[in-house]
Each structure stands twice: as structure tokens, then as C-alpha cells.
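**Student:** Sharing a structure here in C-alpha cells format.
Residue numbers (the working numbering): 3 to 428.
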């Protein structure tokens, strides 16, 4: 183990401290696989299997979808695929890009924050397409308003224990669902805005992580044998706020997403074609993306250093980091002197993003399998749902017209009876 020098040891601080990932540029795991400990082999193997499974499933689905969509476009005379198919294609294909970035993070730890930003952007794109896909099933105006009138009266914005669907932010029911009501268009608009807030918070927090990691800090050897840096230079002062925003983004986004899914499910609840649309199964994709910010926070409270045996000094892989100790400047030249400190490559700051990316590869594999099952190639389930809802609307309009005719007949009958009574009196 490396015995730290008192000059280079940073004193303990309550603010979050970490080794800057910038010192690992040029270091890659695949070049040192023979020296990596067995816990990391499990991480690498799991990530690789997740990446392979995601790539195979997405590739097979895309080939089948291209063929089915092409045949459908020719049969219907369309110049391009309709919007539901394009949205479904984005939802089904994006997991392979997100999974590839997560697997790259396993191999090149220095890119962790940058690739987490890319994962956040990809998750935001997929979430927005998922919400658009479900709300597009309601059709064009005035059909969405008519379909929302078919929803049950309940306190939608409350938690499930109070008769609602909003379990993550049930306090919103105090303002928006004091009395039972059907879902209104403003409820759907509010739900979409909450999902947008999730996307922006996820991307903004990831961007700030990237920005703070680009600041060149002064690295020193800690008393525990690991390297760390000035927490103010590394953005550690805002670390509690970062955790709060990640948790808030998951809860806020889940609140809006639950309302969107409930609106579609309740609007088509008693339509036979709705069973083939698989709303709940398809909606699980959005739930996975909503949990990603919460996962990054959860991993900070797990003793990853103990699980991956990072505390064993004899097994540590190290990277040499130059530290300047003295500098002399004159008008025409300068001299500097220093030394190297040998920082362990795998500490908790490196291992936590690796575990995060390993779980992302598994989630994307699960998502690819789910999409392969419930998004049929050239998906026509939404068109069948539209046709069924249109026929239902025609039946309801005919029933309303018959009721109006019955009311008119009753009114005319009552008028005739009144006239007869008046004649008899005369």
C-alpha cells in the first residue's frame, strides 16, 4: 500500500470528496483485464451479456418491423410510415444506443459522467416518445375530450389508498382532486408537464456533473490510500442538491406518467380491441427510465467498496498522477519539480458509475425483450383501437338520438292527452 505524505494528504471534510475521473483519461479496462479482480469480471460479464441481448433483440425487431411496415405502406399507398409506427420505432430502437453507452462506461471509466449525460438524453427522448405514443391513441379533437368523459369519477391526483393513482406525489390531490371527478383535458396537460420536468431535471443534473468533472483539480493521496481532490473544485458542495433533484425528478415524472397511463386505460377500458393494445405492458418501459435517476442516488448508500473488495490494498490497480511541489518563474523561463502519486483506479467514485451502467445494460435488455413481445412489427393495434372507439361513439350517438326521439314522442303524447282532457271537460 502507498503510505501518504502529510504534505499531500487532504484533511477530512464533511463535503463529498472523490477522486476526479479526469486522471483516468487514457486508461481502459480491456487493456488490463488480466489484472482485474473477479468482482469486476462479474460486472464486465453481466454488462456484456446485457449489451449482446439488447443488440440481438432490437436488431431482430427492427428487421421484422421494416418488412411489415414496408408491406403496409405499399398496401395503403402511404409515402411514409404513420406517426404511431415512427414513435414505436423510436421507443424500441433507442435502448440499444443507451445500452452501448452504458457498456462503454464499463470499459472506459473516465467517460462515466459524459456517458451518463448521453444516457439521460436518450432516456428523455424515449420518455417523450412514449407519452406521445399513448396520448396519440386518443385521436384528434374532439375525440380526446369525448373519450376522457368515459373515465370514472375518482380523486385521480390522490394516492391509491385515497382512490387515486398518484402514489409518488399524493399531496397534489389536495389542490387538484378535492372532490371525485372525471379526468379533464387540463389534467392531461398537467401530467405531460410533469413528465417534461422529469426530463429536464435528469438532463440538467447530468450536465452539471459533466461540467464539474471538467474542472482540473489538485489531486492528493488520502489517509485511506485512495486519491481525492478539493471538493469545491469537483462540485462536491452541490452534491446534496444533486441527490435531491434526482429523487425529485423520479417522483415528479412518475406522478405525471401515472396520470397519462390511467387516462388512456380508463378511456378505452370496455373496448375489446384495447386488450391487444397492451398499455400496461408497454408502459413498463417508461417506468424503467423514471427509475434511473433514483438508482444513481441509491448506489451512493451501498458499500460498493466492500462488495467489490476495493479495501484490499494488495490487489489495487494504480495509475501514476504527477503532483507539482515547487515552481520557479522568471521573465524568460520557468522550472517546476514534483513527484508522482499512485492512485488506485477502482475506488467508489469509479465503481459506483460502473455498477450504475451495469444495471442500465440489464434494464435495456429487459426493455428490449418487453418491446419485442408487445410492439408487433408494423403495429396496427392503434388503428384497430381507433376503429373500435369510432364504432362505439356511433353507438353512443345513436343511443342519444333514440333517447331524444323517445323524449319527443313522450312530449307529443302528453300534449295529445292534455288536449283530450280539455275537450272532455268542455
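The C-beta atom is built at its ideal place from N, Cα and C for all residues, glycine as well.
Rounded to whole angstroms, how far is the Cβ of residue 93 from the Cβ of residue 133, which I believe are closer than 8 Å?
**Tutor:** Residue 93 to residue 133, Cβ: 10 Å. No contact.
**Student:** Contact defined as beta carbons within less than 8 Å: I believe residue 347 pairs with residue 26. What is the distance between those atoms, to the nearest angstrom?
**Tutor:** At roughly 7 Å, the Cβ-Cβ gap stays under 8 Å, so residue 347 and residue 26 are in contact.
**Student:** Would the region 203–214 and the region 242–256 be scored as touching if the rule is three or more Cβ pairs under 8 Å?
**Tutor:** Segments in contact, yes.
**Student:** Mapping the DSSP letters down to three states, classify residue 321 as helix, strand or coil.
**Tutor:** It is a strand residue.
**Student:** On a Cα-Cα basis, can you pick out the residue from 262, 124 and 109 that is closest to residue 185?
**Tutor:** Looking at the Cα atoms, 262 is the closest of the given residues.
**Student:** For the alpha helix (DSSP H) containing residue 129, list its first residue and its last residue.
**Tutor:** Taken as a continuous stretch (DSSP letters only), the alpha helix (DSSP H) holding residue 129 covers 114–138.
**Student:** Residue 223 by DSSP, collapsed to three states: which one?
**Tutor:** In this structure, residue 223 counts as strand in the three-state DSSP scheme.
**Student:** Could you check what DSSP says for residue 55 in three-state terms: helix, strand or coil?
**Tutor:** If DSSP states are grouped into helix, strand and coil, residue 55 belongs with the helices.
**Student:** Tell me where the beta strand (DSSP E) around residue 229 begins and ends.
**Tutor:** Counting along the chain, the beta strand (DSSP E) containing residue 229 begins and ends at 229–231.
**Student:** Which of the three DSSP states is assigned to residue 94 in this structure?
**Tutor:** In the structure shown, residue 94 sits in a helix (DSSP, three-state: H, G or I).
**Student:** Helix, strand or coil for residue 155? Go by DSSP, reduced to three states.
**Tutor:** It is coil, neither helix nor strand.
**Student:** Which same chain residues, not among the five before or five after residue 77, have their C-beta less than 6 Å away from its C-beta?
**Tutor:** Nothing listed; no residue qualifies.
**Student:** Does the beta-carbon of residue 292 have 16 or more other beta-carbons within 10 angstroms, so that it is buried, or is it exposed?
**Tutor:** Classification of residue 292: buried, given that the 10 Å Cβ count is 16 or more.
**Student:** For residue 344, which of helix, strand or coil comes out of DSSP?
**Tutor:** Three-state DSSP puts residue 344 in a strand.
**Student:** Run through DSSP, which three-state label would residue 183 get?
**Tutor:** Of the three classes helix, strand and coil, the one that applies to residue 183 here is strand, per DSSP.
**Student:** Can you check which of these residues, 358, 231 and 227, is closest to residue 216 by C-alpha distance?
**Tutor:** Checking every option, the nearest Cα to that of residue 216 belongs to 231.
**Student:** Helix, strand or coil, according to DSSP, for residue 283 in the structure here?
**Tutor:** In this structure, residue 283 counts as helix in the three-state DSSP scheme.
**Student:** Looking only at its chain, what residues have a beta carbon closer than 6 Å to the beta carbon of residue 226, apart from the 5 residues adjacent to it on each side?
**Tutor:** So the list is empty, once near-sequence residues are dropped.
**Student:** Does residue 405 pass the burial test, meaning 16 or more other C-beta atoms within 10 Å, or should it be called exposed?
**Tutor:** Residue confidence for residue 405 is low, a pLDDT of 45 falling below 50, so the modelled location carries little weight and cannot support an answer.
**Student:** Could you check how far apart the C-beta atoms of residue 372 and residue 286 are, in whole angstroms? I think they sit under 8 Å.
**Tutor:** 6 Å between Cβ atoms; contact.
**Student:** So, at 6 Å on beta carbons, what are the nonlocal neighbours of residue 182 in its own chain, with the 5 sequence-adjacent residues on each side left out?
**Tutor:** So the qualifying residues of the chain are 155, 156 and 157.
**Student:** Residue 351: buried (16+ other C-beta within 10 angstroms of its C-beta) or exposed?
**Tutor:** With 16 or more other Cβ atoms within 10 Å, it is buried.
**Student:** Taking the Cβ atom as the reference point for each residue, do residue 48 and residue 366 lie within a distance shorter than 9 Å?
**Tutor:** No, they are not a contact pair.
**Student:** Sorted by chain position, which residues of the same chain lie with C-beta nearer than 7 Å to residue 123's C-beta, five sequence neighbours on each side aside?
**Tutor:** So the qualifying residues of the chain are 205.
**Student:** State the start and end residues of the unbroken alpha helix (DSSP H) segment that holds residue 362.
**Tutor:** Element bounds for residue 362: 350–376.
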